[in-house]
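Enquirer: Quick note: to get this note's numbering, add 43 to the position in the sequence shown (first position is 1). Each residue gets a CB set at the ideal place from its N, CA and C atoms; glycine is no exception.
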Amino acid sequence: MSLLDPLSHALATLVAGLHSGATTLGVDAAAGTTWLLVIAAVVAVVRTALLPLVVHGVRHSHASALARPQLDALARRYRNRRDPDDLRAFMEERRRIAANPASPGSAACRCCCSCPSGWRSTASSRTPPRERLSAR
44 MSLLDPLSHA LATLVAGLHS GATTLGVDAA AGTTWLLVIA AVVAVVRTAL LPLVVHGVRH
104 SHASALARPQ LDALARRYRN RRDPDDLRAF MEERRRIAAN PASPGSAACR CCCSCPSGWR
164 STASSRTPPR ERLSAR
């Protein structure tokens, strides 16, 4: 048994269910349009199921872009230091930047475009990352 067997069984069940549903609506079971509709429905279902992961990835990407200037400045500050205490301080500072919800690099609600403006922090009023990148 492969690790992908549960996924293939779930997709096969979905295709069979959608095909039988389409034939009960009166579409010819052997027609190519039936399979076209079934494949389109499967794509829509899979994309809808993956949507939360895509939203999480986009939010994480925006938060990383906002944190990049602070992390670059931190890396420049600790560039030539190899002492274990300095490395420990560097890692602690990185954790503080990533964990601070008020810092521009946090994954707070301001990364979500659909939030009411009252929920966003004051850091969102800064220059958007796209304009910052084009200014370089």
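Could you tell me if residue 81 is buried or exposed, where buried requires 16 or more neighbouring beta carbons within 10 angstroms of its beta carbon?
Expert: The residue in question, residue 81, is buried, as its Cβ has 16 or more Cβ neighbours within 10 Å.
Enquirer: By a C-beta neighbour count over all protein chains shown, 10 Å radius and 16 as the cutoff for buried, is residue 83 buried or exposed?
Expert: When all chains shown are included, residue 83 counts as exposed.
Enquirer: Using a 10 Å radius around the Cβ and a threshold of 16 neighbouring Cβ atoms, would you call residue 103 buried or exposed?
Expert: Flag for residue 103 reads exposed.
Enquirer: Would residue 52 be called buried (16 or more neighbouring beta carbons within 10 Å of its own) or exposed?
Expert: Answer is exposed; the Cβ neighbour count stays below 16.
Enquirer: If you draw a straight line from the C-alpha of residue 110 to the C-alpha of residue 134, how long is it?
Expert: Distance between the alpha carbons of residue 110 and residue 134 is about 15 angstroms.
Enquirer: Along the chain, where does the alpha helix (DSSP H) containing residue 134 start, and where does it finish?
Expert: Looking at the DSSP string, the run of the alpha helix (DSSP H) that includes residue 134 is 127-142.
Enquirer: Measure the alpha-carbon distance for residue 129 versus residue 108 and round it to whole angstroms.
Expert: Roughly 25 angstroms separates the two Cα atoms.
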